[in-house]
Amino acid sequence: MKEQLATFRSQLEEFARKHRNDIRKNPAFRSQFHEMCAKVGVDPLASNKGLWAELLGIGDFYYELGVQIVEICLATRPHNGGLINLQELCNLLRQKRKHDREAVSEDDCLRAISKLKVMGSGFEVITAGKKKLVRSVPTELKKDHNEILELAQAQGFVAVDEVERRLSWTLGRAIDALDTLLDEGLAMIDDGHEDGKRRYWFPCVSSISSVGADS
Numbered sequence: 001m002k003e004q005l006a007t008f009r010s011q012l013e014e015f016a017r018k019h020r021n022d023i024r025k026n027p028a029f030r031s032q033f034h035e036m037c038a039k040v041g042v043d044p045l046a047s048n049k050g051l052w053a054e055l056l057g058i059g060d061f062y063y064e065l066g067v068q069i070v071e072i073c074l075a076t077r078p079h080n081g082g083l084i085n086l087q088e089l090c091n092l093l094r095q096k097r098k099h100d101r102e103a104v105s106e107d108d109c110l111r112a113i114s115k116l117k118v119m120g121s122g123f124e125v126i127t128a129g130k131k132k133l134v135r136s137v138p139t140e141l142k143k144d145h146n147e148i149l150e151l152a153q154a155q156g157f158v159a160v161d162e163v164e165r166r167l168s169w170t171l172g173r174a175i176d177a178l179d180t181l182l183d184e185g186l187a188m189i190d191d192g193h194e195d196g197k198r199r200y201w202f203p204c205v206s207s208i209s210s211v212g213a214d215s
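With the UniProt record's numbering, the residue at position 185 of the sequence shown is 185, and numbering never jumps.
The following block contains the structure:
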């Protein structure tokens with residue numbers, strides 16, 4: 001088995017040398033290459049000074065992505081409270097890198113974030129319904145908070161009575177969860193409606209932030 005793995009790794013190195021430019025420039029090809037590496041226990045991102053970084057330069061690529069992701073999350077934090085839609089983060093990252101040759105995929109973003117997480121930076125990817133959100137603050141979201149975020153995805157906001165009705169919660173439970181999200185800076189209040197209902201907007205699921213895209 002060890003000899004077989006050694007052979008696979010040798011073949012993988014040869015493949016990397018042969019397709020170096022494709023791996024660096026094509027996100028889909030790069031993702032497939034990472035899958036091949038995982039099957040033989042190779043982590044090309046484990047060290048910037050290792051063979052894989054020397055062959056491909058992808059260690060530096062993901063380090064650079066990580067730095068830019070941190071910059072975007074810091075720039076948008078006043079607007080979204082430190083919770084941003086992964087798709088929106090990737091779009092802002094592409095705008096930031098529009099003059100670079102290497103294209104960036106969501107898979108690349110996730111790999112860069114996983115390296116930030118290993119460094120103990122507080123970055124984490126969480127799932128709310130069908131959306132992936134990137135958290136850059138040490139807030140612990142409980143199940144109630146995730147359910148509200150999932151509910152808000154339809155319109156970008158919720159009202160207290162909607163939370164009560166759709167989730168079958170008591171008034172107190174709904175208000176408590178919404179107040180926590182407000183305190184953490186993840187929600188915004190909108191009282192300007194004729195029906196008198198307060199809306200709680202969630203920038204992380206309504207995809208309206210554009211701060212930091214050009215910085």
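Note that the Cβ used here is the ideal one computed from N, Cα and C, for glycine as well. These numbers come from a predicted model, not from an experiment.
- Within the DSSP bridge table, the entry for alanine 128 names Lys131 as partners.
- Residue burial annotation: serine 10 is exposed, with fewer than 16 other C-beta atoms found within 10 angstroms of its C-beta.
- The Cβ neighbour count for histidine 99, taken over all protein chains shown within 10 Å, is under 16; the residue is labelled exposed.
- Counted as a single uninterrupted DSSP element, the alpha helix (DSSP H) harbouring aspartate 179 occupies residues 171 to 183.
- At least 8 angstroms separates the beta-carbon of cysteine 73 from that of cysteine 90.
- Between the beta-carbon of leucine 149 and that of valine 163 there is about 11 angstroms, and that puts the pair past the 8 angstroms contact cut.
- Residue pairing by DSSP places valine 158 opposite Tyr200 in a beta bridge.
- For cysteine 204 against asparagine 21, the beta-carbon gap comes to about 36 angstroms, at or over 8 angstroms, which does not count as contact.
- Threonine 76 is classed as buried because its beta carbon has at least 16 other beta carbons within 10 Å across all chains shown.
- A Cβ-Cβ separation of about 26 angstroms leaves phenylalanine 123 out of contact with phenylalanine 157 under the 8 angstroms criterion.
- Of all alpha-carbon atoms in Gly196, Leu186, Tyr200 and Val70, the one lying nearest the alpha-carbon of glutamate 140 is that of Leu186.
- Spatial neighbours of leucine 93 in its own chain (CB-CB distance under 8 angstroms, excluding positions within 5 residues in sequence) are listed in chain order as Leu65, Gln68, Ile69, Ile72, Val104 and Cys109.
- Under DSSP, leucine 83 takes part in a beta bridge, and its partners are Arg135.
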